[in-house]
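Residue numbers (this note's numbering): 360 to 657. Remarks on the structure that follows.
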């Protein structure tokens, strides 16, 4: 059978911090069938300013500005080539890596979202950056993507521990199962270690017992799907945490204690115990998990 291809959009801004997304991708235990597009939006100086070059009063200044822009464009291209070389050294085939730089059209976030609709499987972005091309807080772009990217999984990359140790936050929603399926599709046959966690805020023994029974079926369903995707059953563990004040904080704490480098949560869901948008949990986990990369699966 032909190998299934997954095209991944890596959004870069020319900063060293943004390269963490590339480093993370290079360290994934499975690179099978992954095609990478390294994408950056370049903010060019408006054409109206070039008209001033005809005015002797501004000619020398515009020449300096033109030289500055050319320098920044070259720096960005060197940055993208560096990112490509990192992936090649990690055994990504050169034919599966593409560099794409475009001028800003509708705004950085909107341009990334528009590109993401071109048959990608996921979007990777650094938690924060410091745009080398434009004085822009890349972290704000990441935050906007978390709000707006509802049609693809978003992977928010931090300086991480082991990307092959993955903690999946589960509830009883379809969103959680989609997160499990995405992990299986990306990391199947890789030998990754998977932890499944469910956080219960209830404290009453009877209610906790009922909630634990209910989540057991979800755990089994998740284990079956991961196993079918190629993850050895011996590499999968389950855990229920009860009496937590905050679901997101409990997930992040468990990731730190268990030395998980990747946390996976569904973007939306509805807890059976209490009406509750798991999208809020996803956003909060991404904010708190400064030592782990977070996959937010649509």
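The beta carbon of each residue, even a glycine, is placed where N, CA and C say it ideally should be. Since we're looking at a predicted model, the values are computed, not measured.
Residue range of the alpha helix (DSSP H) that residue i falls in?
i	result
residue 471	467–475
residue 584	564–587
residue 383	379–386
residue 540	533–546
Would residue i and residue j qualify as a contact pair, given that the criterion is a beta-carbon distance under 7 Å?
i	j	result
residue 504	residue 513	yes
residue 611	residue 654	no
residue 395	residue 458	no
residue 475	residue 529	no
residue 385	residue 446	yes
residue 507	residue 472	yes
residue 556	residue 598	yes
residue 402	residue 486	no
Could you please give me the residues that DSSP links to residue i through a beta bridge?
i	result
residue 461	400
residue 596	554
residue 368	396, 482
residue 625	656
Where does the unbroken beta strand (DSSP E) through residue i begin, and where does it stop?
i	result
residue 528	524–528
residue 513	513–516
Should residue i be labelled buried (16 or more other beta-carbon atoms within 10 Å of its own) or exposed?
i	result
residue 587	exposed
residue 564	exposed
residue 641	buried
residue 636	For residue 636, the pLDDT reaches just 39, beneath the cut-off of 50, and the residue's location in the model is therefore unreliable, although a value from the coordinates is still provided. With fewer than 16 Cβ atoms within 10 Å of its Cβ, residue 636 is classed as exposed.
residue 613	buried
residue 539	buried
residue 522	buried
residue 490	Note that residue 490 has pLDDT 45, beneath the 50 cutoff, so the model's placement of it is unreliable and the number below is only indicative. So residue 490 ends up on the buried side.
residue 367	buried
Sufficient close CB pairs (3 or more, under 8 Å) joining the stretch 542–553 to the stretch 602–609
no
Contact between the stretch 612–621 and the stretch 577–592 (3+ Cβ pairs under 8 Å):
no
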